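Structure first, then comments.
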Amino acid sequence: MEYPFLAKQDKMIHDALLGEERREAEGLELIPSENYVSRPVLEALGSVFTNKYSEGYPGKRYYGGQTYTDVVETLAIERAKELFRCSYVNVQPLSGAPANIGTYFALLEPGDTVLGMDLTHGGHLTHGHPVTAITKIFNFVRYKMKEVETGEIDYDEMLKVAKKEKPKLILAGFSAYSRELDYEKFVAIGREVGALVMADIAHIAGLIAGGVAKNPFEAGFDLMTTTTHKTLRGPRGGMIMVREDEEIAKKIDKTIFPGLQGGPHMNNIAAKAVAFGEALQPSFKVYAEQILKNAKAMERVLEERGVRMIGGGTSNHLILADVFGSLNIGGAEAEAVLDEVGITVNKNVIADDIRKPMNPSGIRFGTPAMTTRGFTEEDSARVAHLMIDAMEHKDDAIKKKEIHTEIQTLAKHHPIPETFV
Ligand code: DSN
């Protein structure tokens with residue numbers, strides 16, 4: 001892309017921007033929480049909406065001049081309601097962590113208990129990891145997988161813990177878990193112990209919107225949070241959705257503003273509206289289906305070549321591979337070797353990992369970004385082979401060079417699209 005004003009005024013930032021464009025185009029992005037947005041989304045993000053303060057909500061703002069901000073925020077809300085089939089949406093959270101923290105402050109009192117998935121079993125920092133500040137205020141308890149080899153959650157244990165700890169909120173959701181959750185069981189446990197049930201769908205929002213993963217609202221979940229920039233393929237940001245309870249929705253709105261945030265980032269909200277418009281198109285369903293097919297194609301290769309996957313494989317967009325156990329390479333080294341050949345993944349802890357988070361046993365990777373680029377199952381299988389080859393030949397510079405060349409060719413044949421509809 002051309003950035004004539006930036007080029008003239010600030011060469012250092014312009015050079016970095018072109019460098020990042022090149023990096024994204026020439027390499028393969030396999031971090032499962034990343035994606036490529038369309039040019040229309042980028043145009044809305046880089047628009048004059050960034051100039052405007054809009055504290056409040058559409059029709060109820062604290063500052064004047066809201067004719068057009070009200071239009072874009074209302075469109076974002078209405079499109080999100082249609083996508084996720086719910087009654088209330090707040091599109092102002094700046095990202096996933098503020099969305100989750102907002103729900104805790106809206107629904108809980110200090111000292112209340114939240115039941116969420118253990119981080120090393122796939123959960124997320126904001127679901128109450130001890131390093132996070134919210135654990136000073138709320139009490140977080142955990143559930144885990146029963147069977148690491150199948151990924152099945154231990155719902156009996158979850159019920160036992162819920163009865164003992166009496167959580168006010170039960171969280172379903174993850175950032176490194178590759179199977180579907182049994183949402184009906186979460187709701188049953190929540191109802192039994194009198195807890196609200198919330199799904200953090202950040203990773204799978206695009207799969208739900210595309211109709212290829214179950215929608216927790218259909219099982220009776222009370223609310224959901226998400227980021228908007230992962231499988232959903234929008235700008236960086238967060239969102240909170242409430243199935244039907246107006247009182248919960250009012251509490252959420254009050255907590256996000258004025259409780260936690262100031263002026264919403266209206267350029268981001270405009271870009272969210274554009275992305276949600278894209279997700280409502282039939283082409284988005286095709287993309288969502290292909291994400292799953294590509295992940296399955298990669299799973300088959302790992303299985304064939306004896307690489308252990310946590311959960312035994314994948315039912316969504318991501319794979320968590322125990323590379324230390326299978327290929328005798330630490331997660332950090334695997335990440336670096338793959339980077340050398342033009343593939344970006346992230347090192348990741350595996351269930352009850354004996355190694356440290358900065359050099360864990362696993363790597364996490366997924367198919368959303370490569371699917372956006374038009375990769376087929378055949379391409380995805382080839383990428384999986386190349387990844388394993390690179391890790392197996394981590395000390396062979398010539399082999400790595402060959403792999404890098406093939407990755408660059410694959411990337412060249414699949415340019416990042418400018419539009420999706
Ligand atoms: N950083 C995100 C991810 O990669 O899953 C979650 O916060």
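If you read the sequence shown in the working numbering, its first letter stands for residue 1, the second for the next number, and so on. In this text, a Cβ means the ideal position worked out from N, Cα and C, and glycines have one as well. Computed from a predicted structure; not experimentally measured.
beta-carbon residue i near ligand 1 non-hydrogen atom, thresh 7 Å
i, result
"H317", "no"
"H425", "The first residue shown for the chain is 1 and the last is 421, placing residue 425 beyond what the model contains."
"G330", "no"
"S178", "no"
"S33", "yes"
"H393", "no"
"S175", "yes"
"G96", "yes"
"H203", "yes"
"H414", "no"
"H404", "no"
"H124", "yes"
Alpha-carbon to alpha-carbon, residue j and residue i
i, j, result
"E377", "Q261", "43 Å"
"C86", "V131", "33 Å"
"I248", "R61", "21 Å"
"L207", "V91", "19 Å"
"G325", "H203", "26 Å"
"A297", "K11", "43 Å"
"P32", "A176", "9 Å"
"K401", "Y36", "26 Å"
"K412", "E26", "7 Å"
"D264", "S54", "What sits at residue 264 in the sequence shown is Pro, not Asp. Cα-Cα distance, rounded: 6 Å."
"K81", "F276", "10 Å"
"T227", "T409", "32 Å"
"K399", "K230", "32 Å"
"N359", "D352", "14 Å"
"L338", "Y88", "42 Å"
Residue range of the beta strand (DSSP E) that includes residue i
i, result
"Y88", "Y88 to N90"
"L223", "L223 to T227"
"L320", "L318 to D322"
"I147", "In the sequence under discussion, the amino acid at residue 147 is Glu, which differs from the Ile named in the question. Per DSSP, E147 belongs to the beta strand (DSSP E) from M145 to E147."
"G116", "T113 to M117"
"I363", "G362 to G366"
"M198", "L196 to D200"
"I354", "I354 -> no beta strand (DSSP E), and no H or E assigned at all."
First and last residue of the uninterrupted alpha helix (DSSP H) at residue i
i, result
"Y166", "Per the sequence presented here, residue 166 reads as Lys, with Tyr not at that position. Unbroken run through K166: none, as it is neither H nor E."
"N348", "No alpha helix (DSSP H) holds N348; the beta strand (DSSP E) holding it covers N346 to N348."
"I189", "Y183 to V193"
"I403", "A397 to H413"
| field | Three or more C-beta pairs below 8 Å linking the region 210-222 and the region 181-200 | value | yes
| said: Does the region 339-359 come into contact with the region 244-259, if we say contact requires no fewer than three beta-carbon pairs (one atom in each stretch) closer than 8 Å? | reply: no
| the region 133-153 / the region 191-198 touching (three or more Cβ pairs under 8 Å) | no
| request: Evaluate contact between the region 356-373 and the region 287-294, counting only Cβ atoms and requiring at least three cross-stretch pairs below 8 Å. | output: yes
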